[in-house]
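Working notes for the structure below.
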Amino acid sequence: MNIREIYKGKRIFLTGHTGFKGSWLLTWLHDIGAIVKGYALEPQSKDDLYNDIGGDQLCTSIIADIRDVNRLSIEMGSFKPDFVFHLAAQPLVRLSYGIPLETFAVNAIGTGHVLEAIRGLDHPCTGVMITTDKVYENPENGIPFKETDKLGGHDPYSASKAAAEIIISSYRSSFFNPLQIHDHGKSISSARAGNVIGGGDMASDRIIPDIIRALTNDKKISIRNPMATRPWEHVLEPLQGYLMLGALQYQYPGKYESSFNFGPHPDHTNSVEVLTRRLLERWGDVTDRIEFNQAEQLKEASLLNLDISKANYDLGWEPRLNFQETVNITADWYRDRHLKGMDARGLILRDIHHFETLY
Ligand SMILES: NC(=O)c1ccc[n+]([C@@H]2O[C@H](COP(=O)([O-])OP(=O)(O)OC[C@H]3O[C@@H](n4cnc5c(N)ncnc54)[C@H](O)[C@@H]3O)[C@@H](O)[C@H]2O)c1
Numbered sequence: 003m004n005i006r007e008i009y010k011g012k013r014i015f016l017t018g019h020t021g022f023k024g025s026w027l028l029t030w031l032h033d034i035g036a037i038v039k040g041y042a043l044e045p046q047s048k049d050d051l052y053n054d055i056g057g058d059q060l061c062t063s064i065i066a067d068i069r070d071v072n073r074l075s076i077e078m079g080s081f082k083p084d085f086v087f088h089l090a091a092q093p094l095v096r097l098s099y100g101i102p103l104e105t106f107a108v109n110a111i112g113t114g115h116v117l118e119a120i121r122g123l124d125h126p127c128t129g130v131m132i133t134t135d136k137v138y139e140n141p142e143n144g145i146p147f148k149e150t151d152k153l154g155g156h157d158p159y160s161a162s163k164a165a166a167e168i169i170i171s172s173y174r175s176s177f178f179n180p181l182q183i184h185d186h187g188k189s190i191s192s193a194r195a196g197n198v199i200g201g202g203d204m205a206s207d208r209i210i211p212d213i214i215r216a217l218t219n220d221k222k223i224s225i226r227n228p229m230a231t232r233p234w235e236h237v238l239e240p241l242q243g244y245l246m247l248g249a250l251q252y253q254y255p256g257k258y259e260s261s262f263n264f265g266p267h268p269d270h271t272n273s274v275e276v277l278t279r280r281l282l283e284r285w286g287d288v289t290d291r292i293e294f295n296q297a298e299q300l301k302e303a304s305l306l307n308l309d310i311s312k313a314n315y316d317l318g319w320e321p322r323l324n325f326q327e328t329v330n331i332t333a334d335w336y337r338d339r340h341l342k343g344m345d346a347r348g349l350i351l352r353d354i355h356h357f358e359t360l361y
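So the sequence shown is numbered by the working numbering: it starts at 3 and just counts up by one.
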């Protein structure tokens with residue numbers, strides 16, 4: 003499948019375009035020649051990746067709240083998108099303990115708003131709703147989750163995304179039934195990805211940005227849950243999955259409207275400590291700057307694996323980078339940006355163009 007051919011010249015409504023994954027997807031879509039309208043809140047700081055890549059030059063950027071369903075519907079309706087990629091969310095587990103209701107409103111009801119706006123469109127539209135690997139009820143037995151596994155969520159973030167999945171499923175059954183797609187023209191899927199890493203993420207309370215801040219400010223790195231394992235993957239892996247899924251929905255309406263996991267191969271799942279040590283090695287840091295922070299009390303899942311066979315068989319998607327390559331590309335991006343002063347958008351494009359050669 004040629005992703006570039008399918009998306010070239012298409013109209014894409016991208017929520018969360020000012021965020022980490024949104025900035026990478028925006029850069030990719032712009033490079034492909036798609037016409038993008040973004041809908042999200044302001045970047046959190048002037049140093050954010052979105053500003054660093056000159057995001058405003060790559061799209062029509064609407065700064066507005068996903069909780070404002072009227073504004074969202076007007077912006078989407080006037081744009082007449084061929085595709086909607088819904089990434090906007092409050093994405094942090096620990097923050098969700100502090101603002102549970104806001105997390106539910108943005109992630110669950112906000113997703114309902116996007117679906118409602120799509121429902122109001124009077125032309126065919128393909129939607130890919132981004133949730134997370136944390137939507138599954140997690141008994142912490144290490145068995146990789148399949149898409150058919152039970153949804154759940156201990157913390158408010160996970161629960162809000164599981165709720166979003168139920169809302170997506172309800173809209174699909176009620177309004178966007180794949181069996182009647184030739185009547186309503188709306189194709190809706192959901193995508194569940196693991197923990198992504200890659201250059202430019204500067205969000206607080208995430209391991210890679212925390213390491214980079216420590217390295218560039220010559221500080222200690224404080225790690226909580228060093229033994230927690232995560233299905234780490236480079237940001238381009240799930241983005242490729244989202245683009246392939248959307249493209250297949252578009253090409254074969256009625257066939258791909260369901261949920262898909264996008265994670266690394268199970269044997270690439272690694273602990274927080276291993277990730278940290280490998281990144282420091284690639285950076286060339288020889289100081290002993292890791293501190294283990296035992297004071298943390300908030301519950302975070304410590305075992306989490308995704309079964310990716312459905313995306314592999316149905317979509318022909320599978321991860322292309324192994325764990326070490328993922329770490330190396332990530333470390334190199336930050337090093338080339340922060341130590342060599344290279345251009346942020348150019349570095350993203352470098353990674354995209356290299357990644358495309360692997361397909
Ligand atoms: N980063 C990860 O490891 C990871 C893993 C699994 C799933 N996800 C999901 O991927 C998506 C993107 O995550 P990210 O890492 O880019 O997060 P991010 O925090 O970098 O970006 C979030 C985006 O959502 C927007 N947003 C937040 N609240 C909003 C609101 N009320 N109204 C409008 N826009 C709002 C922000 O402005 C920003 O553009 C999210 O849905 C997240 O849950 C991320």
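Every residue, glycine too, gets a C-beta built ideally from N, C-alpha and C.
From the DSSP output, in three-state form, read off residue 156 for me. Coil, per DSSP.
C-beta atoms of residue 319 and residue 242 nearer than 8 Å: Yes, these two residues count as a Cβ contact at 8 Å.
Whether or not the stretch 177-197 and the stretch 253-261 are in contact is what I'm after, with contact meaning three or more pairs of Cβ atoms, one per stretch, closer than 8 Å; do they touch? Using a C-beta cut-off of 8 Å, the stretch 253-261 makes contact with the stretch 177-197, since at least three inter-stretch Cβ pairs fall below that distance.
Quick one: Cα of residue 311 to Cα of residue 93, how far? Taken atom to atom, the span from the alpha-carbon of residue 311 to that of residue 93 is near 25 Å.
At the level of alpha carbons, what is the spacing between residue 282 and residue 339? About 16 Å.
With H, G and I counted as helix, E and B as strand and the rest as coil, what does DSSP make of residue 314? When DSSP states are grouped into helix, strand and coil, residue 314 belongs to the helix group.
Is it true that the CB of residue 263 sits closer than 8 Å to the CB of residue 147? Yes, the Cβ-Cβ distance between residue 147 and residue 263 is below 8 Å.
Report whether the distance from the Cβ of residue 89 to the nearest heavy atom of ligand 1 is below 7 Å. True, at least one ligand heavy atom lies under 7 Å from that Cβ.
Which same chain residues, not among the five before or five after residue 90, have their C-beta less than 6 Å away from its C-beta? For residue 90, the CB contacts under 6 Å within the same chain, skipping 5 residues up- and downstream, are 17, 18, 42 and 68 in chain order.
Does the distance from the CB of residue 139 to the CB of residue 129 come in under 8 Å? Not a contact, by the Cβ cut-off of 8 Å.
Take residue 101 as the anchor and find which of 157, 234 and 336 has the nearest alpha-carbon. It is 157 whose Cα lies nearest to the Cα of residue 101.
Would you say the stretch 328-344 touches the stretch 199-212, given that touching needs at least three Cβ pairs under 8 Å? Cβ pair count under 8 Å is three or more, so yes.
Just to confirm the assignment: which complete alpha helix (DSSP H) runs, minimum length 4, are found wholly within the stretch 125-179? Runs of the alpha helix (DSSP H) inside the stretch 125-179: 158-176.
I'd like the span of the beta strand (DSSP E) that includes residue 41, first residue to last. Counting along the chain, the beta strand (DSSP E) containing residue 41 begins and ends at 37-42.
For residue 342, which three-state DSSP category applies? Look at residue 342 here: in three-state DSSP terms it is coil, with no helix or strand label.
Hey, residue 119 and residue 74: beta-carbon distance below 8 Å or not? Result yes, Cβ atoms of residue 119 and residue 74 sit closer than 8 Å.
Inter-residue Cα distance where the pair is residue 197 and residue 280: Distance between the alpha carbons of residue 197 and residue 280 is about 16 Å.
For residue 270, the nearest candidate out of 97, 249 and 232 (CA to CA): Ranked by Cα distance from residue 270, the options 97, 249 and 232 are led by 232.
6 Å CB neighbourhood of residue 206 in its chain, flanking five on each side removed: Excluding residues within five positions, none has a Cβ falling inside 6 Å.
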